[in-house]
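S.K.: Below is a structure I'd like to ask you about.
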Amino acid sequence: MHVVDGEIKYVETDNTGDDNYDGLHQVRACLRGRSMRRRVYNPDRLKYPMKRVGARGEGKFERISWEEAYDIIATNMQRLIKEYGNESIYLNYGTGTLGGTMTRSWPPGNTLVARLMNCCGGYLNHYGDYSSAQIAEGLNYTYGGWADGNSPSGYRKQ
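Right under this line is the structure:
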């Protein structure tokens, strides 16, 4: 990222290494990643907590403090766990920016929120995702098994 006076000006893709499969190939950012600047500075992006004050669907919200937001979340989580158990708290793995949030969205069991919920007695986790079956089969046919990493050396059989 190129930052000037604290503002992101543009996102440059990877230009290091050679661009062949046998070497440490370039990992170029996709269009979504390269347009992240627009997402960060979008005027419609929420920058502070909001509380619904109208009926659901009316679109009426008011700004509240972070302290009030944390209190509301904590109170409701405690109530849900007490009434329905820890399985009533489901942590979704998807964020729209996989691994790119402050709370780190991947791997799901190691996120800050998941670790916090483990301290509270656990939560309902997902099993698989929309790509799991395809990845599991595709990696077997393509690389002979599970591949973990971004380097070609991670795909070689040990």
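Residue 86 in numbering that gives the first Met the number 0 sits at position 87 of the sequence shown, with consecutive numbering throughout. Just so it is clear, CB atoms sit at the ideal spot from N, CA and C, and this is done for glycine as well.
#1: Measuring CB to CB, does valine 52 end up less than 7 angstroms from glutamate 61?
#2: Do tyrosine 122 and isoleucine 71 have their CB atoms nearer than 7 angstroms?
#3: Would DSSP call glutamine 157 helix, strand or coil?
#4: Assuming isoleucine 80 and cysteine 119 are in contact, meaning their beta carbons sit under 8 angstroms apart, how far apart are those beta carbons, in whole angstroms?
#5: Between the alpha carbons of glycine 108 and arginine 55, how many angstroms are there, rounded?
#6: State the Cα-Cα distance for the pair serine 64 and alanine 28, rounded to the nearest angstrom.
#7: Is the beta carbon of valine 10 closer than 7 angstroms to that of arginine 33?
#8: Scan the segment 29-67 and note each continuous alpha helix (DSSP H) run of 4 residues or more that stays entirely inside, going in chain order.
#9: Report the option in Thr12, Glu136, Glu86 and Ala135 whose CA atom is closest to the CA atom of alanine 113.
#10: Which term fits methionine 0, buried or exposed, when burial requires 16 or more other beta carbons within 10 angstroms of its beta carbon?
#11: How many angstroms separate the CA atom of valine 39 from the CA atom of aspartate 4?
#12: Opposite isoleucine 7 in the DSSP bridges: which residues?
#13: Quick one, which of Gly84, Arg44, Leu45 and Thr15 has its alpha-carbon nearest methionine 116's?
#14: What residue does the alpha helix (DSSP H) around asparagine 117 start on, and which one ends it?
M.R.: Quick answer:
#1: As a position in the sequence shown, residue 52 is number 53, starting the count at 1. As a position in the sequence shown, residue 61 is number 62, starting the count at 1. In this structure, valine 52 lies near glutamate 61, with their beta-carbon atoms less than 7 angstroms apart.
#2: Mapped onto the sequence shown, residue 122 falls at position 123. Mapped onto the sequence shown, residue 71 falls at position 72. In this structure, isoleucine 71 does not lie closer than 7 angstroms to tyrosine 122 by Cβ.
#3: Along the sequence shown, read from residue 1 onward, the residue named residue 157 stands at position 158. Bear in mind that the predicted position of glutamine 157 carries a pLDDT of just 49, short of 50, making it too unreliable to give a figure here.
#4: Reading the sequence shown from its first residue, position 81 is the one you call residue 80. Reading the sequence shown from its first residue, position 120 is the one you call residue 119. Right, the Cβ-Cβ distance comes to about 7 angstroms (below 8 angstroms), so this counts as a contact.
#5: Here the question's residue 108 lines up with position 109 in the sequence shown. Here the question's residue 55 lines up with position 56 in the sequence shown. Rounded to the nearest angstrom, the two C-alpha atoms are 32 angstroms apart.
#6: To locate residue 64, count along the sequence shown from 1; it is residue 65. To locate residue 28, count along the sequence shown from 1; it is residue 29. Approximately 36 angstroms between the Cα atoms of the pair.
#7: Along the sequence shown, read from residue 1 onward, the residue named residue 33 stands at position 34. Along the sequence shown, read from residue 1 onward, the residue named residue 10 stands at position 11. Yes; because the gap between Cβ atoms is below 7 angstroms, this pair is in contact.
#8: 30-33 and 35-39
#9: Taking the sequence shown and counting its residues from 1, the one referred to as residue 113 is at position 114. Of Thr12, Glu136, Glu86 and Ala135, the residue nearest in Cα terms is Glu86.
#10: Along the sequence shown, one-based indexing puts residue 0 at 1. Exposure of methionine 0 is indicated by the presence of fewer than 16 other C-beta atoms within 10 angstroms of its C-beta.
#11: Translated into the one-based positions of the sequence shown, residue 39 becomes position 40. Translated into the one-based positions of the sequence shown, residue 4 becomes position 5. Going from the Cα of valine 39 to the Cα of aspartate 4 covers about 15 angstroms.
#12: For the purposes of this step, residue 7 is taken as the residue at position 8 of the sequence shown. Val2.
#13: Counting from one through the sequence shown, the residue named residue 116 turns up at place 117. Out of Gly84, Arg44, Leu45 and Thr15, Gly84 has the C-alpha closest to the C-alpha of methionine 116.
#14: Numbered from its first residue, the sequence shown carries residue 117 at position 118. It spans 111-118 - the alpha helix (DSSP H) in which asparagine 117 sits, taken as one unbroken run.
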